[in-house]
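Trainee:
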Amino acid sequence: MRLSARVFGVVQGVGFRFWTMGKADELALKGVVRNLDDGSVSIEAEGPEQQIQKLLDWLRSENAPGRVERVEESISAADGSFRDFRAR
11 MRLSARVFGV
21 VQGVGFRFWT
31 MGKADELALK
41 GVVRNLDDGS
51 VSIEAEGPEQ
61 QIQKLLDWLR
71 SENAPGRVER
81 VEESISAADG
91 SFRDFRAR
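Given below as structure tokens:
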């Protein structure tokens, strides 16, 4: 399963990408997290459905760094294009 998500709010300059990378590693997900020019953060993650859901739950929780105002996500089939999880 592949998650494509954009996280909006105060999510840049607060360690959000690195916390996301740590959580993704903990869940054995592969993918990438990056800051976007509009102040949001983009996440592409691949893994089992249950682990993807845990990541989504975490992104929406009060435990995420900064202040998440909303998360927009779409789910598709994984294509295996990631070897690990990285912050860019």
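Per this note's numbering, the sequence shown starts with residue 11, numbered consecutively. For glycine and all other residues, C-beta sits at the position ideal for the given N, C-alpha and C.
Should Gly19 be listed as close to the ligand GTP, given that the test is whether its C-beta is under 7 Å from any heavy atom?
Mentor: Ligands displayed in this structure: none; no statement on the ligand GTP is therefore possible.
Trainee: Would you please state the rounded distance, in angstroms, between the beta carbons of Lys40 and Leu65? I believe it to be under 8 Å.
Mentor: The Cβ separation is near 12 Å, so there is no contact.
Trainee: Below 8 Å on the Cβ atoms is my guess for Ala15 versus Glu82; work out the distance and round it to an integer in Å.
Mentor: The pair is a contact, with the Cβ atoms about 7 Å apart (cut-off 8 Å).
Trainee: Go to Arg96, then tell me how far its beta strand (DSSP E) extends in each direction, as first and last residue.
Mentor: Unbroken beta strand (DSSP E) run through Arg96: Phe95 to Ala97.
Trainee: Assuming Val42 and Phe26 make a contact with CB atoms under 8 Å, what is their CB distance in whole Å?
Mentor: Not a contact, Cβ separation roughly 14 Å.
Trainee: Taking only the alpha-carbon atoms, compute the straight-line gap between Arg44 and Gln60 and give it to the nearest angstrom.
Mentor: Whole-angstrom Cα-Cα distance: 23 Å.
Trainee: If you scan the stretch 19 to 76 from start to end, which runs of the alpha helix (DSSP H) of 4 or more residues do you find wholly inside it?
Mentor: Complete alpha helix (DSSP H) runs here, min 4: 26 to 36 and 59 to 69.
Trainee: Let me make sure I understand the geometry here. Which of Ile53, Gly23, Leu46 and Pro75 has the alpha-carbon closest to that of Phe92?
Mentor: The option with the nearest alpha carbon to Phe92 is Ile53.
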